[in-house]
Every structure is written in structure tokens, then in C-alpha cells.
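Q:
Numbering (UniProt numbering), first residue to last: 1 to 149.
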């Protein structure tokens, strides 16, 4: 990382060199799990050369690892617009479709569980009310010395 930062500090003017530096740093950030920095470097690299399939793949993967499905799908679609028919980007798109479907299923399952929980509470409440149990009233304990008649 140190060498990439030093190279960036030298202010190379040549676009190809800048692209290579950003791409190398993005790959390194992906390897060390710095996904936010990876995204920033990938976007900077794409400003120099937006037809590079590998750069779009790095950007897409950086979003996949942080489970930002919508954003990752957006970048994958943009990459496919620039590099149509790319098998790696098509594979990433398939992964995003699966992840989005799974997320929707999880949301539905949670909603179902919450509804069942509420139904269970209502069943208990109705059962208690049918037995004339008053809910929400404070129970006063009588001293043991007082006998009930």
C-alpha cells in the first residue's frame, strides 16, 4: 500500500499510468478487505478507462462483499453496458439476482414470524379475557395475617 501511495504522490500525468496505479491500489484494497477504499479507487480508475472489464468486476465485487446488492447490481449493469457479453460480469449479475431474491425471502419470513407472534399474543389475550381475567390491573398482596373468608 505504501508504494502505491508514494506513486500517487508523484502526480503522474499520463492517464494510462494513473489508471494502472488506481487499479493496483483497488485490487490491493479488495485483498485487505478495505471495500470502501476499493470502491473509491475503482471509480477513479474508471474515469481514465471505463471500458476495462477487470475494473468493473473489482468495483462490483467490492459492493458484493459488503452486501450492498442494489448498488452492486447498478455497477454491474453499467459494466455490462460498457463490456457487453462479459462472462464474469454476467456471473456477478447472477449472484446479485440470487442475493436480492434471498433478501426478499428473508424479509417475507420475518414479516410472517412477526405476524405469527402477534397472533399468538392475541390468542393468549382473548383466552385470558374469556376467563374474566382483568389485565393491566395491579395485584395487591394481602398480609399473611389477614384471613380471607
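Ideal Cβ positions, reconstructed from N, Cα and C, are used throughout, including at glycine.
Tell me the DSSP secondary structure of residue 36 in three-state form.
A: Helix.
Q: By the 10 Å Cβ neighbour count, where 16 or more other Cβ atoms means buried, how is residue 94 classified, buried or exposed?
A: So residue 94 counts as exposed.
Q: Quick check for students: name the residue ranges of the alpha helix (DSSP H) that lie wholly in the segment 15-78, counting only runs of 4 or more.
A: Listed in chain order, they are 15-31, 35-48 and 53-65.
Q: Looking only at its own chain, which residues have a Cβ that is under 6 Å from the Cβ of residue 86, when we skip the five neighbours before and after it?
A: Cβ within range, chain order: 53.
Q: Compute the Euclidean distance between the alpha carbons of residue 44 and residue 120, then round it to the nearest angstrom.
A: Roughly 54 Å between the two C-alpha positions.
Q: Counting only beta-carbon atoms, is residue 109 nearer than 8 Å to chain D?
A: This model lacks chain D altogether, as it is built from one protein chain only.
Q: Straight-line CA distance for residue 80 to residue 125?
A: Cα-Cα distance, rounded: 56 Å.
Q: Given residue 75, which residues of its chain have a CB within under 8 Å of its CB, disregarding the five upstream and five downstream residues?
A: Only 56, 59, 60 and 63 meet the Cβ criterion.
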